[in-house]
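See below for the structure under consideration.
Protein chains: 2
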Amino acid sequence: MGQLSTLFAPERVAVIGATDSEGAVGRAITENLLESFQGDVVAVNPYQDDVFGLECHDSVADVDDVAIDVGVVVVPPDVAVDSIREAGEAGIRNVVVITAGFGETGSEGAARERALREVAAEYDLNLVGPNSLGIMSTPVGLNATFGNEMAQEGDVSFMSQSGAFVTAVLDWAAERDVGFKDIVSLGNKAVLDESDFVDQWGDDPDTDVILGYLEDVSDGAAFIETAREVTQETPIVLVKSGRTDAGASAAASHTGAIAGSERAYEAGLEQAGTIRVETVQELFDYAQILSDQPLPDGEEIAIVTNAGGPGVMTTDAVGDSGMGLAEFSDHTIEKLSETMPDEANIYNPVDIIGDAPAARFEAALETVLADENVAMAVVVACPTAVLSYEELAAVIVEQQSAFDQPIASTLMGGKSVGDAAPMLNDAGVPTYFDPARAVDSLDALRRYGEIQSREYVEPETFDVDRERARDILEDAAERGRNRLGVEAMDLLDAYGIPTPQGNVVNSPGDAQQIARDIGDDVVMKIVSPDILHKSDIGGVEVGVAPEDVRDTFEDLVVRARNYQQDATILGVQVQEMVDLESGTETILGVNRDPQFGPLVLFGLGGIFVEVLEDTTVRVAPVSEPEATAMLDEIDSAPLLRGARGRDRVDESAIVETVQRLSQLVTDFPAILELDINPLVAAPDGATAVDLRLTIDQEEL
Amino acid sequence: MGQLSTLFAPERVAVIGATDSEGAVGRAITENLLESFQGDVVAVNPYQDDVFGLECHDSVADVDDVAIDVGVVVVPPDVAVDSIREAGEAGIRNVVVITAGFGETGSEGAARERALREVAAEYDLNLVGPNSLGIMSTPVGLNATFGNEMAQEGDVSFMSQSGAFVTAVLDWAAERDVGFKDIVSLGNKAVLDESDFVDQWGDDPDTDVILGYLEDVSDGAAFIETAREVTQETPIVLVKSGRTDAGASAAASHTGAIAGSERAYEAGLEQAGTIRVETVQELFDYAQILSDQPLPDGEEIAIVTNAGGPGVMTTDAVGDSGMGLAEFSDHTIEKLSETMPDEANIYNPVDIIGDAPAARFEAALETVLADENVAMAVVVACPTAVLSYEELAAVIVEQQSAFDQPIASTLMGGKSVGDAAPMLNDAGVPTYFDPARAVDSLDALRRYGEIQSREYVEPETFDVDRERARDILEDAAERGRNRLGVEAMDLLDAYGIPTPQGNVVNSPGDAQQIARDIGDDVVMKIVSPDILHKSDIGGVEVGVAPEDVRDTFEDLVVRARNYQQDATILGVQVQEMVDLESGTETILGVNRDPQFGPLVLFGLGGIFVEVLEDTTVRVAPVSEPEATAMLDEIDSAPLLRGARGRDRVDESAIVETVQRLSQLVTDFPAILELDINPLVAAPDGATAVDLRLTIDQEEL
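Structure follows, in structure tokens:
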């Protein structure tokens, strides 16, 4: 942990490729470092004697024996890997590779990036980039970037997969009172990626909020694990772009990143405890409030306003959020009715009417914040002749610090706002023109509070027959079969997922034996990888009486042969009848995301999945609370719970099946896709009635 | 129309209640008028001799014979109605009532407001307010408000149901280059309401965009009719607050407005052709782009950027919008590949990479705008050492005017933006920090283009038997019955809505006669307003053979009597069997919204309406294209169209039924609520199988 601390707090930095040539990136880096870095700067360039008065070393190997903490590499791409090897050889542990011309530029670059990775592994380098704008850390004045602006000091650390976005943000922040602790331009993420920085900043006492602009996540599972822990202490707010199909292909053409599916990101970033936003405005609004305001101890908000209409707009915004309007205690109502004019609305939203001076805001705010039903407040003011925004700002700041509860403010107007906005900002109270923004920002606080209070539950490990499952998969692989069906139902059985009694058999006699064991009418299906729509060719018989089982076996085989002479016939499945009427057909599916790994899908069967697309997903392994949440998330959930006179199904059986399936696909990366369709959920359990899966033999 | 033109362009304005008393509203109004109004100001106040050097008249009756165009009333509430009567008597046609203490303040105020309405009607007054901040019109320097700021001249007219919001907007606009043509604070809308101002501004050549902040719409039907016409020429952008339940009750307590249902507003404002927004930021962003930029001739956008990451974010925003990324012609691709560097991405989004000077933006922009597949463009720039934002702004302005296609820009950054933003704003090209805002604003243009190109189709008037329907309703009313069921099926028949053959009868013999006419098995149901769940008491028999009809009649009556001895039994319904299996059960419902009148709801029956709430509504009368759109809007629409092997139903039959039902409820305001559940849609038509309605006898 925290092994990147010397990267951001070095005592000595070497610029490998330092130069004073006009327009060169190496010049910009050297100048930026010399400008504000509190440590030593070492110049390395065999072709110059000195750079801006610094002695130029031919190589890092020539630098005297004081250790170099960070090497910033700006040499041309064809010599970059060698330079980095030299750096590793010289004992430099942290390397920031500014040089471009790697994975982002075709096959030669990709080969170079592989070489880079090997060198980094050999010397155990903390390597940023390549193709990075660089890094910054304000406490030590470190600006190892080639941008134009140095960040102001602050408590937000920021990583970005777009260097241009970093320059834009710095340029914007330079005009405002927005500061940063560390900034890193991730570049191609050949070695260090978002998980490493999340890990670092999670341990950094000077980082209160982690912000990120990401186009992909290199290793979804690692990210979830790291971020889940870090977000217990430090909020992470992310833009993950490439959300839409168009955006994803734009991202792919821009960074060459293989975009995983948006659904995987949606689930994975949520499971990781991050707050995902879509716009730059949200990113910085949330950063500000998360770094400056305390977390609310509830989700109830009080609105105090001098203007009815804006009060209504604010109330709408609260209605759209995850917060609720606080219901005031009798004491609060009494006190407001004593202190406010008759025309005031003393219920929430509190409208202290247009002739309110700052003192009336103070009285109202003090009263509502003292109410234990109120977790946070928003002040919404319109300019009037009797209200001084500066006085109001002072009141808000005072009340905020007196109660230490979150407050955001909306000072509507422009000209009248004057010095009030900086007064509020300096005190950490966000202020906006638009009430919706104030409410959104407070809602981000509430969401983070919720994330922080999540109790993480380890995914349960059930006692399963892993060897038996392995045998089934390996057996299929040996026979050269990638797509399996009901003949692999034992795989589910091995993982404790209930399946109907029965089996796939190859003779009428065996079929009859199974039917006898079942002791009732059975379902019989032809089992053939070549016949997809079995019903269409008469390959399925339902309600076969025990005495008809032999004949039906023969019939099914004949029909299959008639359909396709050379079809591979694996046998006939003889299965206990499952009462579809009394149960509800659900679906469990798994596919594998390139970044996040196995993704488990749940939904109701038939039209719900096919027409209404009413499904939900989680990245496996899925814990019990996560599986339970999946059941709540689908719109059709009431149908599992007795809606319209249905039987209430055994939800715990579905939850357990989700977890067991999650364990199965986590244990066997060879399972690429898997569908249990239907999983029939009944009042007394859930049964997997049909199965399809695809395996990758290479992974076995 | 345009009868309000003298209200906004008067030559002489009288302040009725003018004063120079410190702090008085009459003083602020008088001062504001004297400050900038180009016409004459007349002071009326029997208690002062002069006000700011103006002679004070005792009454408007005393003013010499030059006509007064507008009277601004600021007298106390108890004398306001008399003052307005005097104004009417003196021939003043336009009155702006600033005075508060009317409908917003309890029963006395409500009575006063009724009196005000009567006087206004008697003298045919154009009356604004009461409880209004006042009005403004910049071309004549008219500031008849008691606010602090006069608006700058512009081409946007703005109405607001919140006076405080007007002051906030003016205060904000004073700091920016945001101008207005007319502004009105609607106050209590005792006489003039939003429809009147929409009507006025629709005819006003100096108003390019109409903005509104509304908490309710006084007359939904009138608003739809007026706005639908106006929006063919002039866009209307609205915040309608009280969207959420919490917001609606806040609005009710603030203005005393009876909030109609949010669903009615959603449908009604959409049918009116307005663009509804949720935040103040959207309101003014859309106002700016709609007033400054031409409409796009398509929905395809080109993105030109020097930064990959922000290009991806912009692409995401396009993916979220109703626009699409333009696919470039071969010629464009060729030209871009000739003029752009090798590393550039010449497909959309066009990434002209980080070393692009303004000239490269120019070449790229020129090329994409010349492509006929491109309807609009967004430029997204990040600050770099080689890019001057001022030069870029000049390029954008030039290309915008050369091609006259909509452009929005995102100059990311702050410090570097400098003079570029005002250059762009002056030329009418919106510029933002956040690409999502630029894309949203362009999407508003696209939406308005779509609204403008809508061809309005009059709701069809079918040839129906209105008298027969009236007889049925009156007959029920005479019997004192408000809730009707299947016994009123003839109502549907009278309006040409197919119902199963059959009738409600009162004797076993009549029952048998009907069954004979049908000539097949029938469904029989007890008809009683006292028995809601007929099936539960054995009150429904399906598949009754003709020979069993007599006995079944007796059985049904006995069961009903056993259930409730004194139940009112209206008879037994004998109905042709409708094949529910081959059809799809849909629902048509009607309820009456206080503002918008009859609202027609459509959805699939059962779980779709009850569990998934998958329904859509329109304000009646519903035209054929609107009814057709309703079928498209529900998520379960594919189930009408042959999804999962179902029969494709006769959609035109549903569409026609929606229209006929819409005609019925429009013809008879006495129908408060009505449900056809189910309307069974089959491949060859749609049949109303069951009916419930509630009538208001007073309305007949």
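Residue numbers (this note's numbering), protein chains in the order written: chain A, 1 to 700; chain B, 701 to 1400.
Glycine is no exception: its CB is placed at the ideal position from the N, C-alpha and C atoms.
As the structure is a computational prediction, the values presented were derived from the model and not from experiment.
For residue 1362 of chain B, no Cβ of chain A is located within less than 9 Å of the residue's own Cβ. Between the stretch 1369 to 1379 of chain B and the stretch 1288 to 1303 of chain B, the count of C-beta pairs closer than 8 Å reaches three or more; the two stretches touch. Taking all protein chains shown into account, residue 500 of chain A has 16 or more neighbouring C-beta atoms within 10 Å of its C-beta and is therefore buried. In the DSSP assignment, residue 771 of chain B falls within the unbroken beta strand (DSSP E) covering 770 to 773. The C-alpha of residue 1016 of chain B is placed about 30 Å away from the C-alpha of residue 604 of chain A. Using a C-beta cut-off of 8 Å, the stretch 1205 to 1219 of chain B makes contact with the stretch 1259 to 1277 of chain B, since at least three inter-stretch Cβ pairs fall below that distance. With respect to chain A, the C-beta atom of residue 1082 of chain B has a partner C-beta closer than 9 Å. For residue 113 of chain A, the CB contacts under 8 Å within the same chain, skipping 5 residues up- and downstream, are 102, 103, 130, 188, 190 in chain order.
Within the stretch 456 to 525 of chain A, the beta strand (DSSP E) runs of at least 3 residues that lie entirely inside it are, in chain order, 502 to 505. The beta carbon of residue 1025 of chain B sits closer than 9 Å to some beta carbon of chain A. With a threshold of 16 other beta carbon atoms within 10 Å, residue 811 of chain B falls short and is exposed. Separation of residue 1188 of chain B and residue 1393 of chain B (C-alpha to C-alpha, rounded to the nearest whole angstrom) is 9 Å.
Chain-ordered, the chain B residues with CB closer than 9 Å to the CB of residue 644 of chain A read 1306, 1307, 1310, 1311. Between residue 1335 of chain B and residue 1384 of chain B, the C-beta spacing is not below 9 Å.
With contacts defined by Cβ atoms closer than 9 Å, residue 155 of chain A and residue 203 of chain A do not form a contacting pair.
Residue 343 of chain A has a beta carbon lying within less than 9 Å of a beta carbon in chain B. Nearest C-alpha to residue 876 of chain B among B:774, B:897, B:849: B:849.
For a Cβ distance threshold of 7 Å, residue set 1015, 1018, 1019, 1025 of chain B lies close to residue 246 of chain A, ordered along the chain. Residue 942 of chain B has a beta carbon lying within less than 9 Å of a beta carbon in chain A.
Per the C-alpha coordinates, the member of A:556, A:313, A:581, A:327 positioned closest to residue 645 of chain A is A:581. Look at residue 766 of chain B here: in three-state DSSP terms it is coil, with no helix or strand label. Short of 6 Å from the beta carbon of residue 56 of chain A, and not among the five residues preceding or following it, lie these beta carbons of its own chain, in chain order: 43, 45, 48, 49, 50. Using a Cβ-Cβ cut-off of 7 Å, residue 639 of chain A is close to 1307, 1311 of chain B, given in chain order. Near chain A, meaning a CB-to-CB distance below 9 Å, no residue of the stretch 887 to 908 of chain B qualifies. Residue 397 of chain A places its beta carbon 9 Å or farther from that of residue 304 of chain A. If the five residues before and after residue 800 of chain B are omitted, its C-beta is found closer than 6 Å to the C-beta atoms of 831, all from its own chain and listed in chain order. Rounded to the nearest angstrom, the Cβ distance from residue 1323 of chain B to residue 1158 of chain B is 7 Å, consistent with a contact under 8 Å. The closest CA to that of residue 1102 of chain B, considering only B:1123, B:1112, B:1118, B:1062, is found on B:1062. For residue 670 of chain A, the nearest beta carbon of chain B is not closer than 9 Å to its own beta carbon. The straight-line gap separating the alpha-carbon atoms of residue 1284 of chain B and residue 1380 of chain B is approximately 6 Å. Rounded to the nearest angstrom, the gap between the Cα atoms of residue 1217 of chain B and residue 1192 of chain B is 20 Å. Contact between the stretch 705 to 725 of chain B and the stretch 770 to 778 of chain B is present, with at least three C-beta pairs closer than 8 Å. By the CB criterion at 9 Å, residue 895 of chain B and residue 923 of chain B fall inside the cutoff. In the same chain as residue 1008 of chain B, and ignoring 5 residues on each side of it, the C-beta atoms closer than 7 Å to its own belong to 1051, in chain order.
Within the stretch 392 to 426 of chain A, contact with chain B at the beta-carbon level (separation under 7 Å) is assigned to 412, 413, 414, 415, 416.
Interface with chain B (9 Å Cβ-Cβ cutoff): residue 311 of chain A is included.
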